[in-house]
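*Asks:* Take 53 as the starting number for the sequence shown in the numbering used here and just add one per residue.
Positions of the beta carbon are idealized from the N, C-alpha and C atoms, including for glycine.
In this text the structure is predicted, and so the values were computed from the model without any measurement.
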Amino acid sequence: MLLKLNHSQTPTPPAIPKLTDVSATYQGLLDRKTALEARQRELQAEIRNFKPIKASERAERAAALANLGSAPPVNAQRDLAEIFQDLEDTKQAVEIVEAMIQAERGAASAAICDQVESEVRRLVADLAAAFIAVNQADLAYRAFAYELTAQDISWVSRFRPLHANWLGAPEGNQSKIADWLHEAANYGMLPKSAIPEHLRR
Numbered sequence: 053m054l055l056k057l058n059h060s061q062t063p064t065p066p067a068i069p070k071l072t073d074v075s076a077t078y079q080g081l082l083d084r085k086t087a088l089e090a091r092q093r094e095l096q097a098e099i100r101n102f103k104p105i106k107a108s109e110r111a112e113r114a115a116a117l118a119n120l121g122s123a124p125p126v127n128a129q130r131d132l133a134e135i136f137q138d139l140e141d142t143k144q145a146v147e148i149v150e151a152m153i154q155a156e157r158g159a160a161s162a163a164i165c166d167q168v169e170s171e172v173r174r175l176v177a178d179l180a181a182a183f184i185a186v187n188q189a190d191l192a193y194r195a196f197a198y199e200l201t202a203q204d205i206s207w208v209s210r211f212r213p214l215h216a217n218w219l220g221a222p223e224g225n226q227s228k229i230a231d232w233l234h235e236a237a238n239y240g241m242l243p244k245s246a247i248p249e250h251l252r253r
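#1: Within its chain, find whatever has a CB closer than 7 Å to the CB of TRP207; leave out the 5 residues flanking it on each side and keep chain order.
#2: What's the C-alpha gap between ALA237 and PHE183?
#3: Is it true that the CB of ALA185 sits closer than 8 Å to the CB of SER75?
#4: Taking a contact to mean a Cβ-Cβ separation below 8 Å, would you say LEU132 touches GLN96 in this structure?
#5: So, are the CB atoms of LEU82 and ILE153 less than 8 Å apart?
#6: Taking C-beta to C-beta, are LEU88 and VAL149 nearer than 8 Å?
#7: Determine the closest residue to PRO66 out of GLU169, ILE229 and ARG91, with distance taken between C-alpha atoms.
#8: Go ahead and label SER227 buried or exposed: buried means 16 or more other beta carbons lie within 10 angstroms of its beta carbon, across all protein chains shown.
#9: Along the chain, where does the alpha helix (DSSP H) containing LYS244 start, and where does it finish?
#10: Note down, in chain order, each residue of its chain lying with its Cβ closer than 7 Å to the Cβ of ARG194, except the 5 sequence neighbours on either side.
#11: When burial is assigned at 16 or more other CB atoms within 10 Å of the CB, is ILE68 buried or exposed?
#12: Roughly how far, in whole angstroms, is the beta-carbon of ARG157 from the beta-carbon of TYR78, given that I think they are within contact range, below 8 Å?
#13: Extract the residue ranges of the beta strand (DSSP E) inside the stretch 65-106, only unbroken runs of 3 or more that lie entirely within it.
#14: Give the DSSP-derived three-state secondary structure of ARG253 in the structure shown.
#15: Taking the C-alpha atoms as reference points, what is the distance between ALA180 and ALA162?
#16: Taking only three categories from DSSP, how would you classify LEU54?
#17: Classify ILE247 as buried or exposed, calling it buried when 16 or more other Cβ atoms lie within 10 Å of its own Cβ.
#18: Evaluate ASP178 with the Cβ neighbour count: other Cβ atoms within 10 Å of its Cβ, from every protein chain shown; 16 or more gives buried, anything less gives exposed.
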């Protein structure tokens, strides 16, 4: 029996929850990282635009300090070393938040995997059924081609031989389809009983 393939539309996958849907903490951490990265850019711009205090301004401040009755001019510019330290602290904060994001991503991902497991298993079962059908079709084609040849019929010039040799020998358990089925079974995604007898190991 041939499989009827519908090429008119691509199947629409079911909706998958987003990490931020299952974890408000994850969204908060992302927002925190965004804010810290914005702070980094501000500090880097502050460093690029840094202008040392002119000698004349230093002399003015020194004179004001010498005159106990006068307050020195206010220096609105931060010390460069202080800016660099602020930048370094912010970089370390980003690294800490990134580690927290990864940990929360793992927890949220586990929650999503619990929700979608049944769909993943259904799709794997569909794939397995399709691959087994391909294997059966391959065996049927080879058997028919062999019979044509056995009866000394010159069929090759009429019909292009289309053995799916790239799949490996369909009657053995070392074919690509057998490899896939056993991998799925080894990872618990497919019962070993679903593997046809001639493909088992």
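*Replies:* The answer reads as follows:
#1: Non-local C-beta neighbours of TRP207 in its own chain, meaning closer than 7 Å and more than five positions away in sequence, comprise LEU200, ordered along the chain.
#2: So the two alpha carbons sit approximately 14 Å from each other.
#3: Cβ atoms of SER75 and ALA185: not closer than 8 Å.
#4: Not closer than 8 Å, so no.
#5: Between LEU82 and ILE153, the C-beta gap is smaller than 8 Å, which places the two residues in contact.
#6: One thing to note: LEU88 has its Cβ within 8 Å of the Cβ of VAL149.
#7: Checking every option, the nearest Cα to that of PRO66 belongs to GLU169.
#8: Counting Cβ neighbours within 10 Å, SER227 comes out buried, since at least 16 surround it.
#9: Going by DSSP, LYS244 is part of no alpha helix (DSSP H) at all; its letter is neither H nor E.
#10: HIS215 and PRO222, listed in sequence order.
#11: Counting every other CB atom within 10 Å of its CB across the protein chains shown gives ILE68 a total below 16, marking it as exposed.
#12: In this structure ARG157 touches TYR78 by the C-beta definition: roughly 7 Å separates them, less than 8 Å.
#13: Taken in chain order, the complete beta strand (DSSP E) segments of 3 or more residues contained in the stretch 65-106 number zero; there are none.
#14: Of the three classes helix, strand and coil, the one that applies to ARG253 here is coil, per DSSP.
#15: For ALA180 and ALA162, the gap between their C-alpha atoms comes out near 25 Å.
#16: Bear in mind that a pLDDT of 49 at LEU54, under 50, signals an unreliable position, so the model cannot answer this.
#17: Its Cβ being crowded by 16 or more others within 10 Å, ILE247 is buried.
#18: Counting every other CB atom within 10 Å of its CB across the protein chains shown gives ASP178 a total below 16, marking it as exposed.
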